[in-house]
Amino acid sequence: MADRLQTFLVRLGVFGELWRMAARSKRWWLVPMMVVLVLLGLVLTGLQAVPYLSPFIYAVL
Amino acid sequence: MTISAANLPIWLASWLVWKIVPGRAAAKMAEFSHTEAGSGLDMLAAVEETTRPELRARYFRHALDELRHARLFRERAQAWSGARGRTQAVLEDSGFIASHGIRTTESLFRQLGEREFLAFVWVHEKRGAEQFDIYASLLGHDAATAAMFAEIAKDERFHIAYSRAELDRLAKAGDEAGVRGAVFKVRARRAWQLWVRLSLDFGNFMAGIWLTILYVVLLGPFSVVARAERPVGGVVPPAPRPAPADRAREMI
Amino acid sequence: MSWVLGLSGLYHDSAAVLLHDGRVVAAASEERFSRVKHDAGLPVQATRWCLAHAGITMADVTHVTWYEKPLRKFERMLVSQVANFPRSASAFRRGTFNWLTEKLWVKAAIVKELGVAPARVLFSDHHQSHAASAFYASPYAEAAVLTVDGVGEWATTSLYRGGPGGLELLGEVLFPDSIGLVYSAFTAYLGFQVNDGEYKVMGMAAYGEPRFVDEVRKVLRPREDGAFDVDLSYVSYHWSADQSYTRRLEELLGPARFPGSGFDPTTAEGKRYADIAASVQRVTEDALVAIANVLHARTGLDTLCLAGGVALNSVANRALLTRGPFARLFVQPAAGDAGGAMGAALWTWHEVMGNPRTLDTPVLPGPGLGQAWDDATIGALLTDLRVKHEVLAPDTVAVRAAADIVEGRVLGWVQGRFEWGPRALGHRSILADPRRADMKDRINARIKYRELFRPFAPSVCAGAEGRYFDVPPGGEQLAEWMLLVAPVTTDDFPATTHADGTARLHVVHAAANPLYHALLTEVGRLTGHPVVLNTSFNLKGEPIVSSPVQALATFFRSGLDVLYLGAHRVEQTGSYDG
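Read top to bottom, the protein sequences are chains A, B and C.
If you count the first sequence from 1, position 36 lands on 43 in my numbering, and the numbers rise without skipping.
If you count the second sequence from 1, position 24 lands on 404 in my numbering, and the numbers rise without skipping.
If you count the third sequence from 1, position 390 lands on 371 in my numbering, and the numbers rise without skipping.
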């Protein structure tokens, strides 16, 4: 359980780094799409952990 | 070969594949080539990992058979398709085995252990033999193909025989319940994996739709901004960056 | 006592490299374990083996360094696709899915699947990893360093000065201007697979003349300042996932070659392809020499360390030596992305952890850095599999093998630890007599089933190479790793001399590979020439064999005559009947 939490927190770290990257390269217009894509990525990765549930989850989405 | 209730669905599906959709047959041969190759690699891993010396020879022979089948299917695929298009792409796809879950980073033998591995071999070889029987009957008109399926069938009989013999040996040595349990687990896992496979494919399909929507909605509006970025040609001086020890932790 | 692990993967050629106090103790490509050619998955099995080989666990490793910055790569990919809206649609749909489910989460994957504490995970920079793999593995305290590949995060070509203070980045050429990607586009145009067929373009070039240099220069354009840029109307690698060149390229040079169709340089079409290949090779060399001149002017140093996929172009390496401004060249054997794992580890050791270099002992003792199997294990295997074999006294192996070669047999040779890098260098090789003219076709047709125009390479004893090959000064180290092409000055070796009279040379030192050196010496004693034909031990489409089991499975599926597994000799006929 602690491992799952640690992995999840590591994944969340990506958001902070994306923000800093946009700041450094001054490409602020990338932020909206990166945030949405990374969020989608989190969802997809979560689904891959329980692939048998994806038809039900996608029905909701 | 008789069509029974058990193999009717496969027969129908195969009939559709071979007869109705032309180029599909060659691509299917290419897929079989990969599946057989994956099997062969699993058997080679079993040779290295088993603790039973007497089984190493069987697994090795089985591995060589599977690898030979892979080559035979590859040759059929190329003969039917003339090495073009979709079939060639499948044949050349070295990531096919991994992306289709045929093999993972841990060998099948290590995942299952000897007893369940033997059960796996027995169940899958039997299933494979039935499946190939059907394909052979549908494609019997082609002499080379018929010969190929005949050779494969002969090898499969050996695979079925030795794995069953080993399982029987284990059962007789007192582990009958364990053997039955292993066979049950293998069969159950097949059904489960089919569901997982379908779910994953469905998930990928839906994700594709979402990504297309996002592409138009999220990326499209900024294309003007992106195009306005002046590409700097030639050797560009590097932007200032922190010292190695400070920037090493970043992913940016 | 410090351990550092470097990793590469998720694009091409995953690998794991383990350093102990700055020395490479284990290095392996994942494909040798997974048996998937150019395996690009996370190098789980290679990592497991490296740790097992060293007898340590992940807890003992101070840092685990990934070879590139994934988010910067993500940025470049997005910017490029947005700028090419809407034709980048299918590339976006396909590529992004993989990003969202795998590439973005590489840190979490390292933590979870390899069991590394998050605080210990570091990230190098793609070209920096290449540069470090060349510079820190070299014996030079100071050198100019050039990295050239398809693309890293943003850079496609990077210029460094390497010295006691570390690697100083002097400048970079950015995507989409890329020598590597243009070469790959031409690889696809000539009907080969990208990231796999570039060697074949090199081989094809020898059959042609550079008649199309002006046309190719319209694509990869030289600049006044010595750099280069790309006319993007001829290529589509910056927006398409499956096509790397456009119809405009076909209008410029004629129809592309259909993949899988034969190649016959005596036909008009075949000659055209060969001439285009030769032109691409020439323009690539010119671009490399020009950028080397820029680097030389900036650093004033006379040693060049080279890395990145383009450094595997051994014909271009010769051009750099003979036409370029540097007196000597150093390239490490895994110059492609797999080498990035080694560079990431070395960069961490020297620049993040601040350790000084020790130049008295080599960082890379030889090419054999992978897994080995002892004779007892091999013997037990052969007995269990009921394979008839002969057990040799270890000091007679070289003599017997030499005799087999001289008698015209083709050998599988599995000795010691398998090689680091894509070339077989006498640990997992197929060996034969280079003096026999039919040997090349025999091996191509019956064993490796390769395209018939591809040449084989010779191995020669160190010290004897001057008798047969014209090795330019400063190229000795390249020849050790088979990264240099040299003109052949004798007619004795038809099987390893290419159509244009050159060979991709492998010079063997006794210290780097004693047994192989002994075999070559014995061949020299029998024939007067210590040279053998050496090609990698694998069938077409498969990675080089690593374990004895794989070697046996490959052996029995091929037309090889004899197999040497350690001190065991197996004949093809009569030794195994299933």
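Positions of the beta carbon are idealized from the N, C-alpha and C atoms, including for glycine.
{"Check": "Can you find the residues in the same chain that come closer than 7 Å, C-beta to C-beta, to Ala222 of chain C, ignoring five residues on each side of it along the sequence?", "Outcome": "Ser71, Ala72, Arg75, Gly76"}
{"Check": "Could one say the Cβ of Arg57 of chain C lies closer than 8 Å to chain A's Cβ atoms, at least one of them?", "Outcome": "no"}
{"Check": "Would you mind telling me which residues of chain B sit closer than 8 Å to Lys88 of chain C, beta carbon to beta carbon, in chain order?", "Outcome": "Met631"}
{"Check": "Any beta carbon from chain C within less than 8 Å of Val43 of chain A's own beta carbon?", "Outcome": "no"}
{"Check": "Output, in chain order, the set of chain B residues within a Cβ distance shorter than 9 Å of Leu19 of chain A.", "Outcome": "The contacting residues do not exist; Leu19 of chain A stays about 13 Å from chain B at best."}
{"Check": "Based on DSSP bridge pairs, tell me the residues matched to Phe104 of chain C.", "Outcome": "C:Trp47"}
{"Check": "For the alpha helix (DSSP H) containing Thr525 of chain B, list its first residue and its last residue.", "Outcome": "523 to 550"}
{"Check": "Three or more C-beta pairs closer than 8 Å, one from the stretch 78 to 90 of chain C and one from the stretch 254 to 261 of chain C: is that the case here?", "Outcome": "no"}
{"Check": "So what does DSSP say about Pro468 of chain C, is it helix, strand or coil?", "Outcome": "strand"}
{"Check": "How about Arg435 of chain C and Lys18 of chain C: are their beta carbons less than 8 Å apart?", "Outcome": "no"}
{"Check": "Establish whether the CB of Gly23 of chain A and some CB of chain C are separated by less than 8 Å.", "Outcome": "no"}
{"Check": "Could you check where the beta strand (DSSP E) with Thr516 of chain C kicks off and where it finishes?", "Outcome": "512 to 517"}
{"Check": "Give the list of continuous beta strand (DSSP E) stretches no shorter than 3 residues that lie fully inside the stretch 166 to 217 of chain C.", "Outcome": "201 to 203, 209 to 211"}
{"Check": "List the residues that DSSP assigns as beta-bridge partners of Cys286 of chain C.", "Outcome": "C:Val126, C:Phe311"}
{"Check": "Does the Cβ of Ser(-5) of chain C have 16 or more other Cβ atoms within 10 Å, making it buried, or fewer, making it exposed?", "Outcome": "buried"}
{"Check": "Output the distance between the C-alpha atoms of Asp283 of chain C and Gln55 of chain A, rounded to the nearest integer angstrom.", "Outcome": "53 Å"}
{"Check": "Name the DSSP bridge partner or partners of Cys31 of chain C?", "Outcome": "None; Cys31 of chain C has no bridge partner."}
{"Check": "Mind checking which residues open and close the alpha helix (DSSP H) that includes Val378 of chain C?", "Outcome": "378 to 387"}
{"Check": "Where does Arg33 of chain A land, buried or exposed, given buried means 16+ other C-beta within 10 angstroms?", "Outcome": "Looking at the sequence shown, residue 33 of chain A is not Arg but Lys. Under this definition Lys33 of chain A is an exposed residue."}
{"Check": "Name the residue from B:Glu510, B:Val604, B:Arg549 whose alpha carbon lies nearest to the alpha carbon of Ala533 of chain B.", "Outcome": "B:Glu510"}
{"Check": "Candidates C:Ala319, C:Asp41, C:Ala384, C:Val441: which alpha carbon is nearest Arg101 of chain C's?", "Outcome": "C:Asp41"}
{"Check": "On the three-state DSSP scale, how would you describe Leu340 of chain C?", "Outcome": "coil"}
{"Check": "Assign Thr138 of chain C to one of three DSSP states: helix, strand, or coil.", "Outcome": "strand"}
{"Check": "With a CB to CB cut of under 7 Å and the five nearest residues on each side skipped, what residues in its chain are close to Glu411 of chain B?", "Outcome": "Val470"}
{"Check": "Looking at the C-beta of Val63 of chain C, does it have a partner C-beta in chain B at a distance below 8 Å?", "Outcome": "yes"}
{"Check": "Can you find a CB in chain B that lies within less than 8 Å of the CB of Arg11 of chain A?", "Outcome": "no"}
{"Check": "Using a Cβ-Cβ distance cut-off of 8 Å, determine whether Met8 of chain A contacts chain B.", "Outcome": "no"}
{"Check": "Nearest to Ser461 of chain B by alpha carbon, out of C:Ala326, C:Ala322, C:Val344, C:Gly241?", "Outcome": "C:Gly241"}
{"Check": "Please look up how many angstroms separate the CB atoms of Val489 of chain C and Ala443 of chain C, rounded, as I've assumed it's under 8 Å.", "Outcome": "6 Å"}
{"Check": "By how many angstroms is the C-alpha of Leu276 of chain C removed from the C-alpha of Val372 of chain C?", "Outcome": "55 Å"}
{"Check": "Measuring only between beta-carbons, confirm whether Val92 of chain C sits less than 8 Å from chain A.", "Outcome": "yes"}
{"Check": "Throw me the rounded Cβ distance for the Val163 of chain C and Val211 of chain C pair, which I believe falls under 8 Å.", "Outcome": "6 Å"}
{"Check": "Check the Cβ-Cβ distances between Thr82 of chain C and every residue of chain F, and say whether any is below 8 Å.", "Outcome": "The question asks about chain F, but that chain is absent: this structure's protein chains are A, B and C."}
{"Check": "Got a sec: which bits of the stretch 567 to 588 of chain B sit with their beta carbon under 7 Å from any beta carbon on chain A, in order along the chain?", "Outcome": "Trp575, Val576, Ser579, Leu580, Phe582, Gly583, Met586, Ala587"}
{"Check": "Determine the closest residue to Ala418 of chain C out of C:Asp472, C:Ala319, C:Thr43, with distance taken between C-alpha atoms.", "Outcome": "C:Asp472"}
{"Check": "Identify the contact partners of Gly48 of chain A in chain C, using a Cβ-Cβ distance below 8 Å as the criterion.", "Outcome": "Trp80, Leu81, Thr82, Leu85, Trp86"}
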